[in-house]
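Trainee: Those sequence lines, one after another, are chains Z and G.
Take the first sequence: its letters are residues 946 to 1837, numbered as in my numbering.
Take the second sequence: its letters are residues -1 to 425, numbered as in my numbering.
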Amino acid sequence: MNAATPIAVSTTCPYCGVGCGVVATATGRGSATVTGDKAHPANFGKLCVKGAALGETLSLDGRLMHPMIHGQRATWNQATRFVADGLQRVIEQHGPGAVAFYLSGQLLTEDYYIANKFAKGFLGTGHVDTNSRLCMASSVAGHRRAFGSDTVPNIYSDLDEADLIVLVGSNAAWCHPVLFQRMQTAQKLRGAKIINIDPRRTATSEGADLQLSVASGMDSVLFSWLLSEIDARGAVDGAYLGSHTNGFEAALASARQIAPDMETVAAKTGLAPPDISRFVALFIANIRVVTCYSQGVNQSAQGSDKVNAILNCHLALGRIGKPGCGPLSLTGQPNAMGGREVGGLANMLAAHMNYTPADIARVQRFWDAPNIVTAEGLKAVQMFEAIERGEIKALWVMHTNPAVTLPRADAMRDALRKLDLFVVSEALANTDTTRAGAHVLLPATAWGEKDGTVTNSERRISRQRPFLPAPGEAKPDWEHIQLVAQRMGFRAGFSYPGAAAIFREHAALSALDNDGARDFDIGALADISDEAFDRLEPFFWPWRKGGKQQGRFFATGGFYTPDARARLLPVAEPMLAAQRSDAYPLLLNTGRVRDHWHTMTRTGKAATLARHVSEPGVALNPADATKLGLAAGSFARVDSAHGVATLRVELDAGVPEGTAFAPFHWNNATSGLARVDAVVQPMTDKVSGQPELKATPIRVMPLKMACEGFLLTRQPVSLPAWLQHTRLTIPGGEALLFASTRTAAEVHGLLVNFVGEAPRRSMLADAATETFRTIAFSGRRLGAVLFAGPARTPATLEWMIEMFAAEQLDSATRKVILAGRAPAGAADPGPMICSCFAVRRSSIADAVKLGITDLDAIGDALKAGTNCGSCRPEIKRVISDERTKSAHPAPA
Amino acid sequence: MRERLLIIGNGMASVRLLEALMRADAGRFAISVVGAEPEAGYNRVLLSALLAGDVMREDIELRGREWYAAHGIELITGDAVMALDAAAKVATLASGRTVAFDTCVFATGSEAFRLPIPGINRPGVMTFRDLGDVAAMEQAAGAGRRIAVIGGGLLGIEAAYGLAKLGADVTLVHVMDRLMERQLDAPAAKLLKRALERLGVKVLLQKQTVEITGAGIDPDAAAAGLVFKDGSLFSADLVICAVGIKPQAILAKVAGLATERGILVDDQMCASIPGFHAIGECAEHRGVAYGLVEPAYAQAEVLAKHLHGGIASFAGIVLATNLKVSGLPVFSAGDFIGSDGSEAALLEDSDLGIYRKLVFRGHRLTGCVLVGEAEDGLWYLDLIRNGTDISMARHDLLHGRAFAEALLPAHEPATAMPADASLAEAA
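(1) How long is the line joining the alpha carbons of L1124(Z) and V1242(Z), rounded to whole angstroms?
(2) I want to verify the contact list: residues of chain Z whose CB lies under 8 Å from the CB of A372(G), in sequence order.
(3) Determine, using beta carbons only, whether D1711(Z) comes closer than 9 Å to chain G.
(4) Is it true that the region 1701 to 1713 of chain Z meets the region 339 to 350 of chain G, where meeting means three or more beta-carbon pairs spaced less than 8 Å apart?
(5) Which residues, in chain order, does the region 1233 to 1266 of chain Z contribute to contact with chain G at a C-beta distance below 8 Å?
(6) Indicate whether I1142(Z) and D1154(Z) have their beta-carbon atoms separated by less than 9 Å.
(7) DSSP on R1201(Z), reduced to helix/strand/coil?
(8) Which runs of the alpha helix (DSSP H) spanning at least 4 residues fall entirely within the region 319 to 404 of chain G, listed in chain order?
(9) Quick one: what does DSSP say S1102(Z) is sitting in, helix, strand or coil?
(10) So which residues on chain G does T1716(Z) lean against when the C-beta distance must stay under 8 Å?
(11) Taking only the alpha-carbon atoms, compute the straight-line gap between P1268(Z) and A1783(Z) and give it to the nearest angstrom.
(12) Is it true that the region 114 to 122 of chain G meets the region 195 to 210 of chain G, where meeting means three or more beta-carbon pairs spaced less than 8 Å apart?
(13) Could you tell me the boundaries of the alpha helix (DSSP H) in which E1827(Z) lies?
(14) Per the contact definition of three or more C-beta pairs closer than 8 Å, is the region 1648 to 1664 of chain Z in contact with the region 1679 to 1686 of chain Z?
(15) Spell out the partners DSSP gives K1138(Z) in its beta bridges.
(16) Leaving out the 5 sequence neighbours to the left and right, which residues in its chain are closer than 6 Å to F1499(Z) when beta-carbon positions are compared?
(17) Nearest-angstrom Cα distance between H1543(Z) and A1456(Z)?
(18) Just reading off the beta strand (DSSP E) that Q1156(Z) is part of, what are its end residues?
(19) Between the alpha carbons of V1662(Z) and K1550(Z), how many angstroms are there, rounded?
(20) Please return the same chain residues whose Cβ sits closer than 8 Å to the Cβ of T978(Z), not counting the five positions on each side in sequence.
(21) May I have the straight-line CA-CA distance separating Q1278(Z) from Q1327(Z), to the nearest angstrom?
(22) Could you compute how far the alpha carbon of R1358(Z) sits from the alpha carbon of A1381(Z)?
(23) At a Cβ cut of 8 Å, what residues of the region 345 to 369 of chain G count as close to chain Z, listed as they run along the chain?
(24) Name the one or two DSSP bridge partners that S1370(Z) has.
(25) Less than 8 Å between the CB atoms is what I'm expecting for L1104(Z) and R1127(Z), so what's the real figure, rounded?
(26) Can the beta-carbon of L1167(Z) be found less than 9 Å from the beta-carbon of A1204(Z)?
(27) Need the endpoints of the beta strand (DSSP E) that F1027(Z) sits in, please.
(28) Using 9 Å as the threshold, is the C-beta distance between A276(G) and G260(G) below it?
(29) In chain Z, which residues lie less than 7 Å from F401(G) when you measure between Cβ atoms?
(30) What does the Cβ neighbour count give for W1667(Z), buried or exposed, with the cut at 16 atoms within 10 Å?
(31) Let me know the secondary structure DSSP gives A1771(Z) once reduced to three states.
(32) Give me whichever residues DSSP pairs with F1888(Z) in a beta bridge.
(33) Name the DSSP bridge partner or partners of R1726(Z)?
(34) Just checking: is the beta-carbon of L396(G) within a distance shorter than 9 Å of some beta-carbon in chain Z?
(35) What residues in its chain sit with their C-beta under 7 Å from that of S1049(Z), if we drop five residues either side in the sequence?
(36) Helix, strand or coil: which one does DSSP assign to Q1495(Z)?
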């Protein structure tokens, strides 16, 4: 076949837990067009900006193409032998408990299944944990404590049918944009109210009817008060409680203790009594209420209790698993749910089976496992602490970047050097983890190449299908495990011809001796053919053999506890793991920005996604910033008892006084000195093991930079880690924004080596104003650009990025290129608001000045906000700010 | 009877003085002008362009003879004042004719300086100063002739360029380590050298010529080559000596006027004896004998006003140099090296062959060098002379007038530039 017609492939987005369907068509040269899949029930064709820009992230730049041993290229044969021998040696010398696996919510279910089986059944180690531990372990723990199983009772369509949507610890507008739009549609079409509970006022708050800026960690006080009021106002669903639950009295007693009266609740939460009353009244009055909770609840040393405080209220009202009504955990990752189903967590065995003798025996039998593990392993943070103590000797990391994302990240990264065997299965050659002393790197296929299934936040399993060939010698992660397992003599258990075979086994295990005893059962698919697997449409679990897919759970009880009753649980007095002190007077909250994902290994490749937030920053309340002597745009040293990062200061009135917010995405592969999780404390929830990532006591001090500037290059270059910098993808190359306490002359002198050689080079040197600029030309376009000066110049950067993208410069522009601006004088276009259509703040402000003050009218005029819609809250804010300005013009 | 005014010399300063006098009151003086060259005064600045064929003979004419006639000015050309009786106020010309006057203005200009080395007077050693030189060079510089131009200043460069355009094999020989060292800093000079080489001129730096050898042992034999101080030799069919100029002050000196390098004048261009004045390259004002046309013009304007009884003075001028070689714009002005306490800003675009250096002192521009593109030279010169506060445009000034002017306070130009304002140095 020649000139093959491009084939549109339906697959699933690799980012958040919404699990949107996308249609990808490979267009050659490591690129594809990606659009929303209108047929997919998670998104009905909608995509957020990250999903819409997936086509920009497929280049092979930076990919790991072949196995490496100690930094040297190796064959698969050599690499798998090295790993197998290493595992064997560690097990012989220290026992299987010295081996650990750190997996990822971005692995496909089939990868997860194999890794879990290999570790727990064949090597005999229970130390199999995952980055999901940092993401939704508290939800898992809360579900299991209340329901007896890790079951999400509700589904997305409940958002369409709700009258009240309560968001707790979720910036859904940025982190789950497609679902948030669905909520906003309900708000628009049926007048649903949205309440946003979050210490920080975010883009989600802009779309909410009521913002409750609860004090950090005090969510349970609010839900305890709610439970107590549900009881006091006689709203309890006595019938449901009586038939399907236990523990209401004890839960109520603890709630009353935590929230005895309005005054105490107001004092503890920092909320105004009228707002609290409104929340309680709305919650009780609206039978159709969905509570969505996410990282603000989970990433807490009391995350499990927070989940149970929420579940207590839904159970007490009997509002669970019914249309428009119930709790809905929003997972952060595309397949955290799949990992949970497989059992790829230290405190689960497999397929929603636990470490009970019966389950252990059943799984051992099914796998024909020679070394079945019989006890829980160490959870993520504890696992890495055991590495730090030298107890765990071998670690295999798959598809994740723990050197960036673990709390106390610098110490954890450094601990990796103590390992006797450190294996990383990765798609990229250079991540902070691969560079943390990995002995063996195994090249993995990435999204677009991988084949398997993922499960989204509503228990819907969808296919990820390949539309690109595997590059170089890359193989799917499951095959990495299989090759090593075979070499260790476990050929019988590891001879899968492909993902479908693994899926069949996974489905069969889920159905084994089940008969409804366990929630997770996809036995209907245990005999699915390869062809049917290829065509498999998205479906809900459970889907029992001979049965139908099941949507909601628990409307009429049927919990997975021994007595089939749900548990209402008493929760502990809310208290942060570490308090502010004189030394560390602020609380650091960490999270995401709108256009980036995790450690940016994929979003970092897309120019479209680089401009909404370009640099790692720390957002402070303006009052705190004033006290600390920090101006917007200046740099600050942020440190805790655990580590330090240097970040650009942003002022945000939405950040409460006494707190700071910093996104965790940036790392040494994308920046220098900006590893935020190095600062974060390691204290974890006692039940879930999830660390408290959102409340680390810190101090913030001004850091005076002598120089700032940027380097634009066609090819990636590596700047020294000691230099404050951020890497962003721009059209035609990448930009490195830097700042230094050294002078512009010094830094320019250092970095000028990255600019091409004379004579195709221009320079400007003005020592008195500390302005140093060098440009190299490549044909009629710019080859490299280096600008260093005493301060940052956003408009100059914007203009140079624009010029850098030009295929050729006109001669007039060419002449003044070193000026860094167009002769006419370009105004600062302001920050990127709509990434999809590249609309900046100034354009929107101009439209408002022309009298276009309606969100949709702005969309008609500028297209802004009309694609993914995730910028709509920000557009709204610009409209309102500009209208305020024109109503109260500043004195001339 | 009208006051009799004798102007000795018919160069550019002389013509400008006449124009200014006519403008003010054409009938006031009975004017006689004596020029040693056969032609009426012409634009000497354009001689190299004429040599190169970039302009035609008529293009360099300043005022035709009919203009002198129409204004009642007596124009004597091809004759030179040989003696002057300052007390009697009578001049004697080479032709024997005498001219009596009440007031005398020296505008005798300068002459080319010849190196005091053996062989400098051989046939085939020429200078580059007037139309006659151009004609001689055109004749001598046939295609393929090997020509050495000694002197890497403005004049030497212009001569070399002109000769190269005529098809000669030209080598520019300079004693210093860079061209135009009095007007350019090292990077600018380097660019200039590269540009000249692209135009076909070879450049030898740090070569001090100590002798001009002849074809044969006869001391009067035609020039055949150069001997340098380092002992190396260079053969040439023709040698142009363009190492500098010296003011023509000997006539004035003999007449009893005070002279140093040039004829000493005060701010009104008055020489040491009442009734005698000097302007242009022959004059020495506050210790400076200018070799540029612009101060000469300024002096002519001041003197015209003074002669008409007005109040005017010349207080010196910030020097600017503009190399007039097509395709190779070079401009420098003021403190272009950057003296202590000043700050320099550089822009170098080797791709476009552009070099720009601005020198600042506080909020003022005090000097500049422009190579490759010099259109904005006069604008910068204005800023320098006006002492304009440039702090508002500090960062943009390097990028030129179009870029930065809007950011500056509005002002009147300090020096009204004539349309043909060629700022040329003859040194």
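Even for Gly, the Cβ is constructed at its ideal location relative to N, Cα and C.
Mentor: So, from the listed chains and residues:
(1) Position 179 of the first sequence, counting from 1, holds the residue named residue 1124(Z). Position 297 of the first sequence, counting from 1, holds the residue named residue 1242(Z). Cα to Cα, L1124(Z) sits roughly 18 Å from V1242(Z).
(2) Sequence index remark: in the second sequence, residue 372(G) carries index 374 (1-based). Contact of A372(G) with chain Z by beta-carbon distance below 8 Å is absent, the smallest such distance being about 13 Å.
(3) Mapped onto the first sequence, residue 1711(Z) falls at position 766. At least one beta carbon of chain G lies nearer than 9 Å to the beta carbon of D1711(Z).
(4) With a cut-off of 8 Å, the region 339 to 350 of chain G and the region 1701 to 1713 of chain Z count as touching, because enough Cβ pairs lie within range.
(5) Per Cβ criterion, the list is empty.
(6) As a position in the first sequence, residue 1142(Z) is number 197, starting the count at 1. As a position in the first sequence, residue 1154(Z) is number 209, starting the count at 1. No. Outside cutoff.
(7) The residue labelled residue 1201(Z) in the question sits at position 256 within the first sequence. The answer is helix: DSSP assigns R1201(Z) an H, G or I state.
(8) Taking 4 residues as the shortest admissible run, the region 319 to 404 of chain G contains the following complete alpha helix (DSSP H) segments, listed from N- to C-terminal end: 375 to 384, 399 to 402.
(9) Along the first sequence, read from residue 1 onward, the residue named residue 1102(Z) stands at position 157. Look at S1102(Z) here: in three-state DSSP terms it is helix.
(10) Position 771 of the first sequence holds residue 1716(Z). By Cβ distance, chain G contributes A343, H393.
(11) Numbered from its first residue, the first sequence carries residue 1268(Z) at position 323. Numbered from its first residue, the first sequence carries residue 1783(Z) at position 838. A straight line joining the alpha-carbon of P1268(Z) with that of A1783(Z) spans about 39 Å.
(12) Contact between the region 114 to 122 of chain G and the region 195 to 210 of chain G is established, with three or more Cβ pairs separated by less than 8 Å.
(13) Residue 1827(Z) sits at position 882 when you count from the first residue of the first sequence. 1817 to 1832 is the span of the alpha helix (DSSP H), which, as asked, contains E1827(Z).
(14) Yes, since at least three Cβ pairs between the region 1679 to 1686 of chain Z and the region 1648 to 1664 of chain Z fall closer than 8 Å, the two stretches touch.
(15) Locating residue 1138(Z) in the first sequence gives position 193, counting from the first residue. Looking at the DSSP assignment, K1138(Z) forms a beta bridge with L1109(Z).
(16) As a position in the first sequence, residue 1499(Z) is number 554, starting the count at 1. Taken in chain order, the residues that qualify are P1098, I1265, G1266.
(17) Walking along the first sequence from the start, residue 1543(Z) turns up at place 598. Walking along the first sequence from the start, residue 1456(Z) turns up at place 511. So the two alpha carbons sit approximately 34 Å from each other.
(18) Indexing the first sequence from 1 puts residue 1156(Z) at position 211. Element bounds for Q1156(Z): 1155 to 1157.
(19) The residue labelled residue 1662(Z) in the question sits at position 717 within the first sequence. The residue labelled residue 1550(Z) in the question sits at position 605 within the first sequence. Roughly 14 Å between the two C-alpha positions.
(20) Start at 1 with the first residue of the first sequence, and residue 978(Z) comes out as number 33. A969, T970, T972, G1000, listed in sequence order.
(21) Your numbering for residue 1278(Z) matches position 333 in the first sequence. Your numbering for residue 1327(Z) matches position 382 in the first sequence. Using only the alpha carbons, I get a separation of about 21 Å.
(22) Numbered from its first residue, the first sequence carries residue 1358(Z) at position 413. Numbered from its first residue, the first sequence carries residue 1381(Z) at position 436. Taken atom to atom, the span from the alpha-carbon of R1358(Z) to that of A1381(Z) is near 6 Å.
(23) For the region 345 to 369 of chain G, residues whose beta-carbon sits nearer than 8 Å to a beta-carbon of chain Z comprise L345, E346, D347, S348, D349, L350, I352, F358.
(24) Taking the first residue of the first sequence as 1, we reach residue 1370(Z) at position 425. Beta bridge pairing from DSSP links S1370(Z) with M1343(Z), L1387(Z).
(25) Locating residue 1104(Z) in the first sequence gives position 159, counting from the first residue. Locating residue 1127(Z) in the first sequence gives position 182, counting from the first residue. Contact holds; Cβ gap of about 5 Å.
(26) Working through the first sequence from its first residue, we reach residue 1167(Z) at position 222. Working through the first sequence from its first residue, we reach residue 1204(Z) at position 259. With a cutoff of 9 Å on beta-carbon distance, L1167(Z) and A1204(Z) are scored as near each other.
(27) As a working mapping, residue 1027(Z) is identified with position 82 in the first sequence. Counting along the chain, F1027(Z) falls outside any beta strand (DSSP E), though it belongs to the alpha helix (DSSP H) covering 1021 to 1039.
(28) Position 278 of the second sequence, counted from the start, is the residue given in the question as residue 276(G). Position 262 of the second sequence, counted from the start, is the residue given in the question as residue 260(G). Yes.
(29) As a position in the second sequence, residue 401(G) is number 403, starting the count at 1. Taking a Cβ-Cβ threshold of 7 Å, the residues of chain Z close to F401(G) are V1761, A1764, P1768, in chain order.
(30) The residue given as residue 1667(Z) occupies position 722 in the first sequence. Exposed, since its Cβ has fewer than 16 Cβ neighbours within 10 Å.
(31) Taking the first sequence and counting its residues from 1, the one referred to as residue 1771(Z) is at position 826. Residue confidence is low: A1771(Z) scores 48 on pLDDT, short of 50, so the model does not pin down where it sits. No coordinate-derived value is stated.
(32) A question about residue 1888(Z) goes unanswered here, because the residues of chain Z that appear run from 946 up to 1837.
(33) Along the first sequence, one-based indexing puts residue 1726(Z) at 781. When DSSP reads this structure, R1726(Z) sits in a beta bridge with S1723(Z).
(34) The residue labelled residue 396(G) in the question sits at position 398 within the second sequence. Yes, L396(G) lies at the interface with chain Z (some Cβ there is under 9 Å from its Cβ).
(35) Within the first sequence, residue 1049(Z) is the residue found at index 104, counting from 1. Cβ-Cβ distances below 7 Å link S1049(Z) to T1075, N1076, M1343, H1344, T1345 in the same chain, with the five nearest sequence neighbours on each side left out; the list follows chain order.
(36) In the first sequence, residue 1495(Z) corresponds to position 550, counting from 1. Note: Q1495(Z) maps to coil in three-state DSSP.
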